[in-house]
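Undergrad: Next up is a structure, given as structure tokens.
Residue numbers (UniProt numbering): 1 to 602.
Listed below in structure tokens is the structure:
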């Protein structure tokens with residue numbers, strides 16, 4: 001066990017030894033190796049922030065008075081250290097992983113309430129500081145008046161015995177009380193609250209992931225940086241005249257551009273640095289110097305092969321900061337490159353640089369790994385849907401009784417055709433609001449970053465093209481799950497005995513799942529030998545989405561939009577058992593709103 005001899009330390013009294021024994025016994029399941037691992041990982045900053053919480057817990061667990069802690073600060077610090085390390089060790093077994101919070105709006109909502117609590121704690125701290133300062137000011141004002149009188153005639157002032165007594169009293173007692181007041185730290189409560197919530201805070205990867213999500217939305221829905229910066233997004237709902245709107249500052253835009261720059265994504269770096277510069281030129285205040293924006297922007301423009309504009313921007317940078325360490329060298333380098341380019345083209349003079357602001361279509365977005373990128377994103381915007389009048393005439397709606405299933409005879413399911421070939425149908429009122437809320441309640445504590453199977457190794461792994469969190473629910477988890485599974489069997493005529501568990505997904509900022517197949521094309525997939533391939537997909541929509549979030553099929557140009565409580569169904573395999581490659585589909589990025597879905601692969 002860790003610190004085996006600490007309780008026997010001769011500097012500790014009976015109470016201290018009793019407390020240490022409690023800690024040691026409470027952590028009997030924790031090995032010395034694990035504790036030492038935490039001891040190596042914890043930083044002085046973390047301990048400082050956690051000390052307030054540790055001391056409060058110490059005062060509750062151990063019968064030692066507050067005055068005892070004040071009299072023995074070394075013991076207090078030692079015990080705080082032990083308790084913090086112990087709590088961190090125990091929390092490693094019980095706390096859910098907080099990485100990639102941005103991938104689930106459902107989990108991000110908890111942060112809203114966390115922030116509200118921290119704001120309240122901060123207001124209480126400010127109030128305590130103001131009360132303390134008012135008390136100190138009162139002392140200062142009273143003593144200022146007194147010392148003005150006493151210093152004008154010290155002997156005459158002290159000739160009065162009461163004044164002499166009160167001087168002795170003030171310097172012996174009252175100034176010590178003032179010193180104690182000044183030394184009081186009202187921030188303890190706020191720091192303790194911060195420490196308790198800090199473990200749930202997003203990290204740098206979350207911030208980076210959210211920034212990339214904005215860029216993904218920008219690309220998919222062809223939104224310029226100004227639209228994002230001013231909060232002008234389609235699909236925003238309005239409640240009681242209050243629009244949930246948000247704007248990006250110059251510094252926000254600069255940080256977005258810098259993140260893209262550091263990822264060698266000069267296309268997005270140009271867009272966001274240009275927006276930062278535009279807002280700064282319009283008079284908006286910012287912490288970021290204009291020289292920094294021009295520095296990043298000019299080099300990013302150069303990387304986009306626009307030498308004339310890169311030269312013009314670098315000249316602006318030199319004019320602002322002639323001593324800039326890179327600007328002069330970059331300018332000479334760009335001018336040499338441009339001169340060589342003109343000579344190679346047999347021209348003597350370059351046309352003036354384009355003075356129009358950089359827009360979304362000024363430069364071509366680099367191609368990436370996804371061949372159907374343009375078709376996929378167009379469908380997400382509602383463009384290129386191949387629904388003709390002739391095709392629409394073949395679509396019908398009907399009541400579905402599951403081939404006269406007894407459970408559907410009195411209340412058949414409403415069914416609508418979404419597409420003719422391959423046949424895709426939508427079931428209406430497939431889930432009630434109460435069932436949806438219960439499923440979300442069951443799933444939320446289990447949400448974890450959604451994974452995909454590596455096509456080369458078959459190992460499950462996270463991927464940037466699937467941004468969501470998912471949870472797996474069984475029929476034994478709650479009667480609602482069993483009832484929903486039975487309903488799926490009744491409607492489709494397929495059994496869930498060999499189906500995968502019910503998968504609940506919640507999409508985060510710009511949440512998406514790029515084009516993929518639901519059926520397995522890997523001969524080494526061990527699941528195929530037991531349960532067979534994914535014959536069909538039954539997809540429930542558990543929320544409406546204000547903008548974005550469609551399910552699209554790039555191969556045949558279909559787009560299916562989420563409608564709360566409905567479910568869509570299609571077959572992934574032909575009757576021969578061969579995969580229907582037309583069913584390659586995608587979940588478009590969620591532009592505005594929170595998307596919840598439930599999928600059963602049968």
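Every residue, glycine too, gets a C-beta built ideally from N, C-alpha and C.
Excluding the 5 residues preceding and the 5 following residue 582 in the sequence, name in chain order all residues of the same chain whose CB lies nearer than 8 Å to its CB.
TA: Around residue 582: 422, 553, 555, 556.
Undergrad: If you drop the 5 nearest sequence neighbours on each side, which residues of the same chain put their C-beta closer than 7 Å to that of residue 412?
TA: Result list for residue 412: 399, 400, 401, in chain order.
Undergrad: Determine the direct distance from the alpha carbon of residue 336 to that of residue 276, and round the result to whole angstroms.
TA: Computed Cα separation, rounded: 29 Å.
Undergrad: Could you spell out the range, first to last residue, of the beta strand (DSSP E) harbouring residue 590?
TA: From DSSP, the beta strand (DSSP E) with residue 590 extends over 590-592.
Undergrad: Out of curiosity, what's the CA-to-CA distance linking residue 476 and residue 483?
TA: Rounded to the nearest angstrom, the two C-alpha atoms are 11 Å apart.
Undergrad: Is residue 327 closer than 8 Å to residue 295 when the C-beta atoms are compared?
TA: It is a contact, given that the beta carbons lie within the stated cut-off.
Undergrad: What is the DSSP secondary structure of residue 382, counted as helix, strand or coil?
TA: Reduced to three states, the DSSP call for residue 382 is coil.
Undergrad: Using alpha carbons as the reference points, say which of 174, 537, 372, 324 lies closest to residue 597.
TA: Comparing Cα positions, the closest option is 537.
Undergrad: With contact counted as at least three CB pairs below 8 Å, one residue from each stretch, are the segment 492-506 and the segment 584-602 in contact?
TA: Result yes; three or more Cβ-Cβ pairs closer than 8 Å.
Undergrad: When you compare only the Cα positions, how much space is there between residue 190 and residue 121?
TA: C-alpha separation (whole angstroms): 6 Å.
Undergrad: Any idea which residues DSSP pairs residue 469 with across the strands?
TA: Answer by DSSP bridge pairing, in chain order: 449, 506.
Undergrad: Span of the alpha helix (DSSP H) holding residue 443?
TA: Residues 433-443.
Undergrad: CB-CB under 7 Å to residue 114, same chain, minus the five flanking residues each way: which ones, in chain order?
TA: Counting only Cβ-Cβ distances below 7 Å, and skipping sequence neighbours, we find 197, 200.
Undergrad: Leaving out five residues on either side along the sequence, give the residues of the same chain with a beta carbon under 7 Å from the beta carbon of residue 46.
TA: Legend: pLDDT at residue 46 = 44, less than 50; position of this residue unreliable, value from coordinates given subsequently. Cβ neighbours of residue 46 beyond the five flanking positions: none.
Undergrad: Hey, which unbroken runs of the beta strand (DSSP E) at 3 residues or more fall wholly within the segment 365-430?
TA: Counting whole runs of 3 or more residues, the segment 365-430 contains the beta strand (DSSP E) stretches 397-400, 413-419, 424-428.
Undergrad: Would you kindly work out how many angstroms separate the C-alpha atoms of residue 217 and residue 260, rounded to a whole number?
TA: Near 14 Å, if we compare the C-alpha coordinates of residue 260 and residue 217.
Undergrad: Can you list the alpha helix (DSSP H) stretches of 4 or more residues lying completely in the segment 217-279, in chain order?
TA: Listed in chain order, they are 225-229, 250-262.
Undergrad: Please report the distance separating the alpha-carbon of residue 309 from that of residue 292.
TA: Their backbone Cα atoms lie some 17 Å apart in a straight line.
Undergrad: Find the nearest neighbour of residue 435 within the set 123, 551, 481, 420, judged by alpha-carbon distance.
TA: If we check each option's Cα against that of residue 435, 481 comes out closest.
Undergrad: Measure how close the beta-carbons of residue 334 and residue 209 come, nearest whole angstrom, since I'm counting them as under 8 Å.
TA: That pair is no contact at about 34 Å.
Undergrad: With 16 other CB atoms within 10 Å as the buried threshold, where does residue 432 fall?
TA: Classification for residue 432: exposed.
Undergrad: Look at the Cβ atom of residue 221, then the Cβ atom of residue 591, and state whether they are nearer than 8 Å.
TA: Closer than 8 Å, so yes.
Undergrad: Kindly give me the distance between the Cβ atoms of residue 507 and residue 595, rounded to whole angstroms, as I take these residues to be in contact under 8 Å.
TA: Confirmed, about 4 Å.
Undergrad: Suppose contacts are defined by Cβ-Cβ distances below 8 Å. Is residue 646 in contact with residue 558 by that definition?
TA: This structure does not reach residue 646, given that the chain is present from 1 up to 602, and the question cannot be answered.
Undergrad: Is it buried or exposed for residue 138, if we count other Cβ within 10 angstroms and need 16 for buried?
TA: The residue in question, residue 138, is exposed, as its Cβ has fewer than 16 Cβ neighbours within 10 Å.
Undergrad: Counting only the same chain and skipping the five closest in sequence on each side, list residues whose C-beta sits under 6 Å from that of residue 656.
TA: Residue numbering for the chain in the displayed model covers 1 to 602; residue 656 lies beyond these limits and cannot be assessed.
Undergrad: Would a C-beta distance cut-off of 8 Å place residue 532 and residue 498 closer than the cut-off?
TA: Their beta carbons are under 8 Å apart, which means residue 532 touches residue 498 by this criterion.
Undergrad: Am I right that residue 414 and residue 428 are in contact with their C-beta atoms under 8 Å? What's the rounded C-beta distance?
TA: 4 Å between Cβ atoms; contact.
Undergrad: When the Cα of residue 664 is compared with those of 560, 182, 386, 257, which residue comes out closest?
TA: With the chain represented from 1 up to 602, any question about residue 664 goes unanswered, as that position is not in the structure.
Undergrad: By the 10 Å Cβ neighbour count, where 16 or more other Cβ atoms means buried, how is residue 492 classified, buried or exposed?
TA: With 16 or more other Cβ atoms within 10 Å, it is buried.
Undergrad: Can the beta-carbon of residue 250 be found closer than 8 Å to that of residue 286?
TA: Yes, the Cβ-Cβ distance between residue 250 and residue 286 is below 8 Å.
Undergrad: DSSP beta-bridge partners for residue 552?
TA: Partner(s): 559, 586.
Undergrad: How about residue 604 and residue 315: are their beta carbons less than 8 Å apart?
TA: As shown, the chain starts at 1 and ends at 602. That puts residue 604 outside it, with no answer to give.
Undergrad: Over what stretch of residues does the beta strand (DSSP E) that includes residue 537 continue unbroken?
TA: Note, residue 537: beta strand (DSSP E), 536-541.
Undergrad: By Cβ distance below 8 Å, which residues in the same chain neighbour residue 463 in space, the five residues on each side in sequence not counted?
TA: For residue 463, where only same-chain residues beyond five positions count, the Cβ hits under 8 Å are 451, 452.
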